[in-house]
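A quick write-up on the structure given underneath.
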Amino acid sequence: MSNNGAPLIARAVTDEAWDAFVAQHATPHILQTSGWAALKARFGWEAERVALVDRAGALQAGAEVLYRRVAGLTLAYVPRGPLTDWTDSVMTGRLLGEIEARSRARGAAVLKLEPELFDTPANRALLADYGFRPGVQTVQPPSTILLDLRPDDDAILQAMKSKWRYNVRLAARKEVTVRALGEDELATFNNLMAATGERDGFAIHGSDYYAAAYDLLVRKHGVFLLAEYAGEPLASIAVFAVGSMAWYLWGASNNRKRNRMPNHALQWAGMQWAKAQGAETYDLWGIPDEIGKLAHALAEDDAPGVAADRLPVDLNRLPEHGLWGVYRFKQGFGGEVVRYVGAWDKALQNAGFRAYQLGLALREQPARMRQLDPVIV
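Each residue of the sequence shown is one higher than the one before, counting from 0 in numbering that gives the first Met the number 0.
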C-alpha cells in the first residue's frame with residue numbers, strides 16, 4: 000500500500016492494531032507479530048516496535064526490532080521485515096531511517112534486516128541503495144518451498160508426488176489420527192522433539208521455549224498438531240498462520256510405527272488447518288540453500304522460483320545430514336522452491352561492525368551449522 004506522499008509519523012500502537020496490520024499486509028509474517036516479539040523477549044532479546052502512521056492515524060509501515068547484546072556488541076535485528084511498500088521510496092526511507100535512529104539510540108553496532116523479498120537483482124540493488132550489504136550470518140533459512148493452498152483438497156493432493164499422495168491416504172487407512180495438542184500435553188511434544196534431536200543430530204530448544212511459544216502464539220496464530228495411533232503419540236508439528244500466509248516451523252517424531260506415515264498425515268492436516276484460517280500459501284520453512292540457489296538460477300525472469308519437481312536433482316544422491324533429509328521429505332508435497340534475499344547488514348559503528356565481522360569469521364563453522372538447523376527458530 001502507498002500513502003500517496005502524505006506525512007508519516009512514528010507513533011506507538013497497540014499489539015492488537017499492530018497484529019491487524021501485519022495480517023493484512025502484502026507480506027505478513029509470524030516473525031513480525033507482537034507474540035513473536037514477546038517470545039524472543041523472554042529468551043534474551045529486547046523488542047521495540049517501530050510504526051509509521053498517516054495523519055488519520057492509520058498504520059502504513061513498521062517493524063518489530065529485536066536487540067541483543069553479545070560479546071560487548073549490540074545487534075539490532077528485524078526478522079522477516081520490515082513491513083513496508085518497497086516500491087514507495089519515501090515510506091521505506093522514512094521507516095528505515097526511524098529503525099536506524101532507534102538502533103543507534105540503543106548503541107547497536109549493526110542493523111540486520113531479513114526482509115521477505117525474493118532474491119532478485121532488483122531487490123538486491125534496492126537494499127544496497129539504502130546502505131545495506133549482504134550479511135555473512137543468515138539467521139532464518141533463505142530458501143524454502145511454498146505450497147499453493149487456493150485449489151480444492153483434491154487438486155492440492157494431485158500436485159503432490161504420487162508416493163506422498165499415497166502416504167497421506169495410507170496414514171488414514173492405517174488408523175493414524177491427528178488432533179490439536181493441548182497446552183497441558185506439551186511434555187508429549189518435548190519428548191518427541193528430544194527423540195528427533197537425538198536421532199537426526201539437530202539442536203532443539205528447551206521445553207520452556209515451546210511452552211512460551213504455545214502461550215504467546217497459539218491462541219491467535221497457531222496450532223500444535225499431534226499424530227497418534229491407538230492413543231500412542233507418534234509425531235507432532237507446530238503450524239502458524241497470519242493473513243494469507245502459513246508456516247510449518249517445528250516438527251518432531253519418535254522412532255515407532257513410522258510405516259504408518261504419521262508425518263505425511265500431519266503435514267496434510269497442517270495444510271487443511273492453515274487453509275481453514277484463510278491462508279493461501281503454506282511455507283514449509285527451510286531447505287538447503289544450495290537447492291534455493293539452483294531454483295533461483297533456473298527461474299524465469301518474472302517468476303520467484305521453480306516447481307520442486309522441475310529441479311534437476313537426483314534425490315537418491317543427496318547427503319543424509321542436516322536439511323538434505325528434510326528436503327527429501329518436503330519436496331514430495333509439491334510446491335515451488337524459492338529463495339529470499341537473506342540477511343543484509345548496515346554498520347552503525349565502524350569499529351563495532353568490524354568486531355562483529357571478525358567474531359563471525361571466528362565462528363564460521365558453527366554459524367554454518369546453525370544455518371542448517373531446521374528446528375531452531
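Beta carbons are placed, not taken as given, at the ideal position from N, Cα and C, and that holds for glycine.
- The continuous stretches of beta strand (DSSP E) do not include residue 292, which lies in the alpha helix (DSSP H) extending over residues 288-297.
- The stretch 256-263 and the stretch 166-176 touch, with three or more beta-carbon pairs separated by less than 8 angstroms.
- Cβ-Cβ distances below 8 angstroms link residue 43 to 67 in the same chain, with the five nearest sequence neighbours on each side left out; the list follows chain order.
- Note that the stretch 114-128 does not touch the stretch 351-358; fewer than 3 beta-carbon pairs, one per stretch, sit closer than 8 angstroms.
- Taken in chain order, the whole beta strand (DSSP E) runs of length 3 or more contained in the stretch 104-186 are 107-113, 142-147 and 175-179.
- Our two residues, residue 32 and residue 11, have alpha carbons roughly 15 angstroms apart in a direct line.
- The beta carbon of residue 251 sits closer than 6 angstroms to those of 191, 192, 195 and 235, all from its chain and outside the five residues before and after it, given in chain order.
- For residue 244 and residue 326, the gap between their C-alpha atoms comes out near 20 angstroms.
- Rounded to whole angstroms, residue 310 and residue 300 show a C-alpha spacing of 16 angstroms.
- Boundaries of the alpha helix (DSSP H) around residue 208: 206-212.
- Beta-bridge partners assigned by DSSP to residue 280: 147 and 244.
- Going by beta carbons, residue 105 and residue 15 fall outside the 9 angstroms limit.
- With contacts defined by Cβ atoms closer than 9 angstroms, residue 114 and residue 81 form a contacting pair.
- The C-beta distance from residue 211 to residue 30 rounds to 15 angstroms, too long to meet the 8 angstroms contact threshold.
- Rounded to the nearest whole angstrom, the CA to CA distance from residue 341 to residue 198 is 29 angstroms.
- Separation of residue 308 and residue 79 (C-alpha to C-alpha, rounded to the nearest whole angstrom) is 27 angstroms.
- Residue 68 carries a strand assignment under DSSP once its states are collapsed to helix, strand and coil.
- The three-state secondary structure of residue 46, taken from DSSP, is strand.
- Here residue 71 is exposed. Its C-beta has fewer than 16 other C-beta atoms within 10 Å.
- A distance below 8 angstroms between beta-carbons, with the five flanking residues on each side excluded, links residue 130 to the following residues of its chain, in chain order: 345.
- For a cut-off of 8 angstroms, the C-beta gap from residue 335 to residue 305 is around 7 angstroms, short enough to register as a contact.
- Using a 10 angstroms sphere on the CB of residue 13, the tally of other CB atoms stays under 16, which defines it as exposed.
- Comparing alpha carbon positions, the residue from 169, 207, 69 and 167 closest to residue 183 is 207.
- Counting along the chain, the unbroken beta strand (DSSP E) around residue 345 starts and ends at 343-346.
- The Cβ atoms of residue 337 and residue 143 lie closer than 9 angstroms to each other.
- Within 10 angstroms of the beta-carbon of residue 227 lie 16 or more other beta-carbons, which makes it buried.
- In this structure, residue 69 and residue 347 do not form a Cβ contact; the two beta carbons are roughly 15 angstroms apart against a cut-off of 8 angstroms.
- In this structure, the beta-carbon distance from residue 267 to residue 167 falls below 9 angstroms.
- Residue environment analysis places residue 87 among the buried positions, since at least 16 neighbouring C-beta atoms fall within 10 angstroms of its C-beta.
- Contact between residue 283 and residue 339 fails: their C-beta atoms lie close to 14 angstroms from each other, not under 8 angstroms.
- Boundaries of the beta strand (DSSP E) harbouring residue 338: 335-338, taken from the DSSP string.
- Cβ neighbours of residue 8 within its own chain (closer than 8 angstroms, five residues either side excluded): 51, 52, 53 and 54.
- Bridge partners of residue 221 according to DSSP: 239.
- Ranking 185, 328 and 75 by CA distance to the CA of residue 205 puts 185 first.
- Around the beta carbon of residue 295, 16 or more other beta carbons lie within 10 angstroms, which makes this residue buried.
- Setting aside the 5 residues that flank it on each side, residue 343 is surrounded in the same chain by 111, 112, 113, 114, 126, 131, 132, 133 and 134, each with a C-beta closer than 8 angstroms to its C-beta; the list follows chain order.
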